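K.L.:
In the working numbering, the protein residues as written are 882 to 1125. If you scroll down you'll find the structure; I have some questions about it.
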Amino acid sequence: MSQIFRFPLQLPLFIRTTILSLILIAATPVYPYVNAQTPYPPALTPQAVSVPLPAAAPRFKPGASINLDHIEMITRMEGWGISGGSVLTTVDSGNTWREGTPPQTFPLGSEIAAYGAFFDIHSAWIIYATEGQISPGASVWFTSDSGRTWTPGPALNHQAYGDRVWAKFTVLDATHLWLMIRGVYAGAGTHYTHHLFHSTDGGQTWASFDSERSGDYTGMDFADVNSGIRTLQTTGAYAGIPPQ
């Protein structure tokens, strides 16, 4: 509430002026001076939201013969297969197959290889190589509906390299899995690189595992989220390529 101050008329003018000045100074809040730049809100980094996408159009005609590069049966009746870049499922012991391939696009006429991991007939993860190379910015596709839809994970930004680069998965359950991107190159002998990743949310995100990346690691296996082994080639730089 504002206060009204009245001055006796008998006070000299200079005294009244001095008192008024003191009152105004006392009533004015004093702020410390801070020599700082005007703050601006931090820039927001757009977050890409991945949504499930329908599987790619079928590559094979009904009744056509299929040459499988990889097959993994989950039960006696149910399983997954890979043929080139195509992903397929069976529920009748391989008598018939249904395509359910991630909708990734490739240069026309390029050589495509799919590397996959399968937990059950519903859950699978796929990463692609083109012309023998897995791009550093490649993503892992994952499905939870037997390949009817696929969701791309974030770019891995891996640091494996070589004349040929491929992938190896180890799956613990539907949410915990490991991925090793491996590369091999021939210089003064045969040399390998690798980059290890771990996911705890079914492939929606991947954490880079901080480890030496120039070792000649040939495989891996994990008993749980904390315990695992990686095999190391010790036959020297002039061994055959690649180890199988």
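A virtual CB, placed ideally from N, CA and C, is assigned to each residue, including glycine. Given the structure is predicted, the values throughout are model-derived calculations rather than measurements.
Roughly how far, in whole angstroms, is the beta-carbon of Gly-1083 from the beta-carbon of Ala-1055, given that I think they are within contact range, below 8 Å?
P.N.:
6 Å
K.L.:
Following a CB-centred definition, is Phe-999 positioned closer than 8 Å to any heavy atom of the ligand ATP?
P.N.:
The model on display carries no ligand, and the ligand ATP is accordingly not part of it.
K.L.:
Check this for me: beta carbons of Leu-1113 and Asp-1097, under 9 Å apart or not?
P.N.:
yes
K.L.:
Report the option in Arg-957, Tyr-1066, Ala-936 whose CA atom is closest to the CA atom of Gly-1013.
P.N.:
Tyr-1066
K.L.:
Apart from the five residues on each side of it in sequence, which residues of its chain come closer than 6 Å, Cβ to Cβ, to Val-911?
P.N.:
With a pLDDT of 40 at Val-911, under the threshold of 50, the predicted position of this residue should be treated as unreliable, though the coordinate-derived value follows. There are no such residues.
K.L.:
So, with DSSP's three-state summary, where would you put Tyr-1042?
P.N.:
Residue state for Tyr-1042 is assigned as coil, using DSSP reduced to three classes.
K.L.:
Go ahead and pull the three-state DSSP assignment for Val-1106.
P.N.:
coil
K.L.:
What residue from Ala-937, Thr-982, Gly-944 has the CA that sits closest to Gly-962's CA?
P.N.:
Thr-982
K.L.:
Determine the direct distance from the alpha carbon of Pro-1033 to that of Gly-944, and round the result to whole angstroms.
P.N.:
About 30 Å.
K.L.:
Check this for me: beta carbons of Arg-1063 and Val-1046, under 9 Å apart or not?
P.N.:
yes
K.L.:
Give every residue of the same chain whose Cβ lies closer than 8 Å to the Cβ of Ala-839, excluding the five residues on either side of it in the sequence, and list them in chain order.
P.N.:
As shown, the chain starts at 882 and ends at 1125. That puts residue 839 outside it, with no answer to give.
K.L.:
Assign Phe-1078 to one of two classes, buried (16 or more other C-beta atoms within 10 Å of its C-beta) or exposed (fewer than that).
P.N.:
buried
K.L.:
For Gln-1014, which three-state DSSP category applies?
P.N.:
The answer is strand: DSSP assigns Gln-1014 an E or B state.
K.L.:
Out of Ser-1027, Thr-1086, Phe-1050, Leu-1037, state which residue places its alpha-carbon closest to the alpha-carbon of Ala-936.
P.N.:
Ser-1027
K.L.:
Quick one: Cα of Leu-925 to Cα of Gln-1085, how far?
P.N.:
In this prediction, Leu-925 scores a pLDDT of 34, lower than 50, which makes its location untrustworthy; the coordinate-derived value is nonetheless stated afterwards. Answer to the nearest angstrom: the Cα atoms are 21 Å apart.
K.L.:
Ordered along the chain, which non-local residues of its own chain (more than five positions away) have a Cβ less than 7 Å from that of Gln-1125?
P.N.:
Because Gln-1125 sits at a pLDDT of 49, beneath the cut-off of 50, its placement in the model cannot be relied upon, and the following sentence gives the value as read from the coordinates. Contacts found: none.
K.L.:
Verify whether the separation of the beta carbon atoms of Tyr-1009 and Ala-998 is less than 9 Å.
P.N.:
No, Cβ-Cβ distance for Tyr-1009 and Ala-998 is not below 9 Å.
K.L.:
Determine the direct distance from the alpha carbon of Trp-1087 to that of His-1039, and round the result to whole angstroms.
P.N.:
11 Å
K.L.:
Does the Cβ of Val-1021 have 16 or more other Cβ atoms within 10 Å, making it buried, or fewer, making it exposed?
P.N.:
buried
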